[in-house]
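>
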Amino acid sequence: MTATGVGSYPGEDDRDYAETVRIVLGELAPPDGLPHLPELPGRGAGATMTGRALALVALSADLQPAGWRLTGSSATSGVDHRRARSQHAQDLDQVEDQGQDLVGAFKVQVAGPWTLAATVEKPRGDKILSDHGARRELAEALAEGVAEHVADVRRRLPGVERLVVQLDEPALASVLRAEVPTASGFGRHRSVDLPEASGSLGLVLGAVSAAGAEPWVHTCAARTPLDLLRGAGARGLAVDEAQLLPGDLDEIAVALEAGEWVALGVVPSLDPGTPPEAARVTGRVLGLLEMLGLDPGVVGGQVVLTPACGLAGASPAWVRQALEICRTAARDLVR
1219 MTATGVGSYP
1229 GEDDRDYAET
1239 VRIVLGELAP
1249 PDGLPHLPEL
1259 PGRGAGATMT
1269 GRALALVALS
1279 ADLQPAGWRL
1289 TGSSATSGVD
1299 HRRARSQHAQ
1309 DLDQVEDQGQ
1319 DLVGAFKVQV
1329 AGPWTLAATV
1339 EKPRGDKILS
1349 DHGARRELAE
1359 ALAEGVAEHV
1369 ADVRRRLPGV
1379 ERLVVQLDEP
1389 ALASVLRAEV
1399 PTASGFGRHR
1409 SVDLPEASGS
1419 LGLVLGAVSA
1429 AGAEPWVHTC
1439 AARTPLDLLR
1449 GAGARGLAVD
1459 EAQLLPGDLD
1469 EIAVALEAGE
1479 WVALGVVPSL
1489 DPGTPPEAAR
1499 VTGRVLGLLE
1509 MLGLDPGVVG
1519 GQVVLTPACG
1529 LAGASPAWVR
1539 QALEICRTAA
1549 RDLVR
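So that you can map any letter, position 289 of the sequence shown is 1507 in the numbering used here, and since no number is skipped, the others follow by simple counting.
#1: How far does the beta strand (DSSP E) with His1436 in it extend, from its first residue to its last?
#2: Taking one C-beta from the region 1390-1405 and one from the region 1328-1340 each time, how about it: are there three or more such pairs within less than 8 Å?
#3: Identify every residue that forms a DSSP beta bridge with Thr1337.
#4: Can you grab the Cα-Cα spacing for the pair Asp1250 / Gly1531, in whole Å?
#5: On the DSSP bridge list, what partners appear for Ala1456?
#6: Determine the extent of the alpha helix (DSSP H) in which Arg1354 is found, giving its start and end residues.
#7: Which term fits Thr1266, buried or exposed, when burial requires 16 or more other beta carbons within 10 angstroms of its beta carbon?
#8: For the 8 Å Cβ check, are there 3 or more pairs between the region 1251-1259 and the region 1224-1236?
#9: Is the beta carbon of Ala1359 closer than 7 Å to that of Leu1277?
#10: Roughly how many angstroms separate the alpha carbons of Val1313 and Thr1442, rounded to a whole number?
#11: Under three-state DSSP, which class holds Gly1317?
#12: Look at Leu1421 and Ala1323 and say whether their C-beta atoms are less than 7 Å apart.
#13: Classify Gln1305: buried if its beta carbon has 16 or more other beta carbons within 10 angstroms, exposed otherwise.
#14: Note the first and the last residue of the continuous alpha helix (DSSP H) segment covering Gly1515.
#15: Which complete beta strand (DSSP E) runs does the region 1237-1310 hold, if anything under 3 residues is left out?
#16: Out of curiosity, what's the CA-to-CA distance linking Leu1541 and Glu1237?
#17: CA-CA distance, Leu1504 and Leu1551?
#18: Using a Cβ-Cβ cut-off of 7 Å (strictly less than) and excluding sequence neighbours within five positions of Thr1400, which residues of its own chain qualify?
#19: Under 7 Å between the Cβ atoms of Gly1363 and Leu1462?
#20: I need the straight-line Cα distance from Ala1556 to Ala1439, nearest angstrom please.
#21: Taking 7 Å as the cut-off, decide whether the C-beta atoms of Thr1500 and Ala1547 are in contact.
#22: Assuming the contact rule is C-beta atoms closer than 8 Å, Ala1481 and Val1517 should be a hit. Round their C-beta distance to whole Å, please.
#23: When every heavy atom of the ligand FAD is checked, does at least one fall within less than 6 Å of the C-beta of Trp1332?
#24: What does the alpha-carbon distance come out to for the pair Asp1232 and Ala1476?
#25: Arg1538 by DSSP, collapsed to three states: which one?
#26: Which stretch, first to last residue, makes up the alpha helix (DSSP H) that contains Arg1498?
#27: Among Ser1409, Pro1388, Asp1411 and Gly1465, whose alpha-carbon lies nearest the alpha-carbon of Ala1456?
#28: What is the rounded straight-line gap between the Cα of Arg1303 and the Cα of Tyr1235?
#29: Here's the rule: buried if 16 or more other CB atoms are within 10 angstroms of the residue's CB, otherwise exposed. What is Arg1342?
#30: The beta strand (DSSP E) with Ala1329 in it runs from where to where?
#31: How about Ile1543 and Ala1471: are their beta carbons less than 7 Å apart?
#32: Check each candidate in Asp1411, Asp1386 and Gln1318 and name the one with the smallest Cα separation from Gly1377.
#33: Please list the terminal residues of the continuous alpha helix (DSSP H) segment that includes Pro1464.
#34: Name the two residues that bound the continuous alpha helix (DSSP H) containing Val1521.
#35: Which of the three DSSP states is assigned to Ala1425 in this structure?
#36: Provide the residue span of the beta strand (DSSP E) that contains Asp1386, from first to last.
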């Protein structure tokens, strides 16, 4: 087993980003860790999950009081969108500089098509989610952007043989249950049919696979249909252990038996006051595998331990401690 981070960390400027890269590459170094591209949303709108994903797509956008909005013209991207693209490139420069000797595996995170559709507005208002054609166009643009991102990361980190692309879909469950509010706040967008939901995910996950990377999907929202994620092409499921329902456990067992990856969020994202002991975390995961009727000696190498969700709200001290607990617990699981 190994350990990794979900993606986000605290920090407000470029110096914080450089320090976070150093921590992630150190605390999650192989063979016990899976290092990844950090995200520091505290640096502004361009550094949020949505801003970073928009930085990858060939669609123009600007920042409005209500949030990110597509402009409908390649010539009218706002200064915030251009800044998001520049910042993302600088972040990759920082990882390239510090990760020159990195070998093995590496992970990047990108907001998925449904979370973007639920958070980004169309040129004339309301969410992309409200327009069938617009959400399809967004998924296609994201698929192209992610494929180019994979190629860029491989060029920058030539020692990385295994590249994981984690699609973050915290809003997917709300999209499927018609819980995303309209622009007025008085209504809710209609639910998306499962075939369409799977199709858009499949476009992006398929692009990841075609680019030679490994497609995962992360969600910390309860009642996200894990079978839909796997059916769309996800070969890794990243979930919060505390949010799992009985049906989720069945799907996790099927995934592990199929040789796929499961990342379990087992450590609090915020300092709990009394940190969990790594041995207790190890015991809890072993108990889960035994309950599923799985032999840790057979499937243990496919389990990844993570914090329950991103660490953007954590203190710097808890960031280090949380990653250390995950790494120690993961190492102990395969002894």
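Just so it is clear, CB atoms sit at the ideal spot from N, CA and C, and this is done for glycine as well.
The relevant details are as follows:
#1: Within the sequence shown, residue 1436 is the residue found at index 218, counting from 1. First-last of the beta strand (DSSP E) with His1436: Glu1432 to Thr1437.
#2: Note that the region 1390-1405 touches the region 1328-1340; at least 3 beta-carbon pairs, one per stretch, sit closer than 8 Å.
#3: On the sequence shown, position 119 is the one that residue 1337 refers to. Looking at the DSSP assignment, Thr1337 forms no beta bridge with any residue, so it has no partner.
#4: Position 32 of the sequence shown, counted from the start, is the residue given in the question as residue 1250. Position 313 of the sequence shown, counted from the start, is the residue given in the question as residue 1531. Cα to Cα, Asp1250 sits roughly 25 Å from Gly1531.
#5: Position 238 of the sequence shown, counting from 1, holds the residue named residue 1456. Ala1456 pairs with His1436 and Ala1481.
#6: Taking the first residue of the sequence shown as position 1, residue 1354 is located at position 136. Arg1354 -> alpha helix (DSSP H) spans His1350 to Arg1374.
#7: Residue 1266 sits at position 48 when you count from the first residue of the sequence shown. Label assigned to Thr1266: buried.
#8: Per the Cβ contact rule, the region 1251-1259 is in contact with the region 1224-1236 (3 or more Cβ pairs under 8 Å).
#9: As a working mapping, residue 1277 is identified with position 59 in the sequence shown. As a working mapping, residue 1359 is identified with position 141 in the sequence shown. It is a contact, given that the beta carbons lie within the stated cut-off.
#10: The residue labelled residue 1313 in the question sits at position 95 within the sequence shown. The residue labelled residue 1442 in the question sits at position 224 within the sequence shown. Distance between the alpha carbons of Val1313 and Thr1442: 32 Å.
#11: For the purposes of this step, residue 1317 is taken as residue 99 along the sequence shown, with counting starting at 1. Gly1317: coil per DSSP, three-state reduction.
#12: For the purposes of this step, residue 1421 is taken as residue 203 along the sequence shown, with counting starting at 1. For the purposes of this step, residue 1323 is taken as residue 105 along the sequence shown, with counting starting at 1. Not a contact, by the Cβ cut-off of 7 Å.
#13: In the sequence shown, residue 1305 corresponds to position 87, counting from 1. When all chains shown are included, Gln1305 counts as buried.
#14: In the sequence shown, counting from the first residue as 1, residue 1515 sits at position 297. Where Gly1515 is concerned, the enclosing alpha helix (DSSP H) stretches over Pro1514 to Val1517.
#15: 1279-1282 and 1285-1288
#16: Taking the sequence shown and counting its residues from 1, the one referred to as residue 1541 is at position 323. Taking the sequence shown and counting its residues from 1, the one referred to as residue 1237 is at position 19. Cα to Cα, Leu1541 sits roughly 15 Å from Glu1237.
#17: Residue mapping note: residue 1504 aligns to position 286 of the sequence shown, counting from 1. Residue mapping note: residue 1551 aligns to position 333 of the sequence shown, counting from 1. Each residue's Cα considered, the two are about 7 Å apart.
#18: In the sequence shown, residue 1400 corresponds to position 182, counting from 1. For Thr1400, same chain residues with a beta-carbon under 7 Å away, outside a window of 5 residues either side, are Asp1344, Arg1406 and His1407 in chain order.
#19: By one-based count along the sequence shown, residue 1363 stands at place 145. By one-based count along the sequence shown, residue 1462 stands at place 244. Taking 7 Å as the Cβ cut-off, Gly1363 and Leu1462 do not qualify as a contacting pair.
#20: There is no way to answer for residue 1556, as the model of the chain reaches only from 1219 to 1553.
#21: Position 282 of the sequence shown, counting from 1, holds the residue named residue 1500. Position 329 of the sequence shown, counting from 1, holds the residue named residue 1547. Yes, the pair counts as a contact, with Cβ atoms nearer than the cut-off.
#22: Counting from one through the sequence shown, the residue named residue 1481 turns up at place 263. Counting from one through the sequence shown, the residue named residue 1517 turns up at place 299. Not confirmed; about 13 Å, so no contact.
#23: This structure lacks the ligand FAD, and indeed carries no ligand of any kind.
#24: The residue given as residue 1232 occupies position 14 in the sequence shown. The residue given as residue 1476 occupies position 258 in the sequence shown. When rounded, the distance between both Cα atoms is 41 Å.
#25: Walking along the sequence shown from the start, residue 1538 turns up at place 320. Correct three-state label for Arg1538: helix.
#26: As a first step, residue 1498 must be located in the sequence shown, where it is residue number 280. Here the alpha helix (DSSP H) through Arg1498 covers Ala1496 to Met1509.
#27: For the purposes of this step, residue 1456 is identified with residue 238 of the sequence shown, where counting begins at 1. Selected option, being the one with the closest Cα: Pro1388.
#28: In the sequence shown, residue 1303 corresponds to position 85, counting from 1. In the sequence shown, residue 1235 corresponds to position 17, counting from 1. C-alpha separation (whole angstroms): 16 Å.
#29: For the purposes of this step, residue 1342 is taken as the residue at position 124 of the sequence shown. Exposed, since its Cβ has fewer than 16 Cβ neighbours within 10 Å.
#30: Along the sequence shown, read from residue 1 onward, the residue named residue 1329 stands at position 111. Counting along the chain, the beta strand (DSSP E) containing Ala1329 begins and ends at Gly1322 to Ala1329.
#31: Taking the first residue of the sequence shown as position 1, residue 1543 is located at position 325. Taking the first residue of the sequence shown as position 1, residue 1471 is located at position 253. Cβ distance not < 7 Å, so Ile1543 and Ala1471 don't count as in contact.
#32: Translated into the one-based positions of the sequence shown, residue 1377 becomes position 159. Comparing Cα positions, the closest option is Gln1318.
#33: Position 246 of the sequence shown holds residue 1464. For Pro1464, the enclosing alpha helix (DSSP H) begins and ends at Pro1464 to Glu1475.
#34: Locating residue 1521 in the sequence shown gives position 303, counting from the first residue. Premise fails: Val1521 lies in the beta strand (DSSP E), Val1521 to Pro1525, not in any alpha helix (DSSP H).
#35: As a working mapping, residue 1425 is identified with position 207 in the sequence shown. Three-state result, Ala1425: helix.
#36: The residue given as residue 1386 occupies position 168 in the sequence shown. Looking at the DSSP string, the run of the beta strand (DSSP E) that includes Asp1386 is Val1378 to Asp1386.
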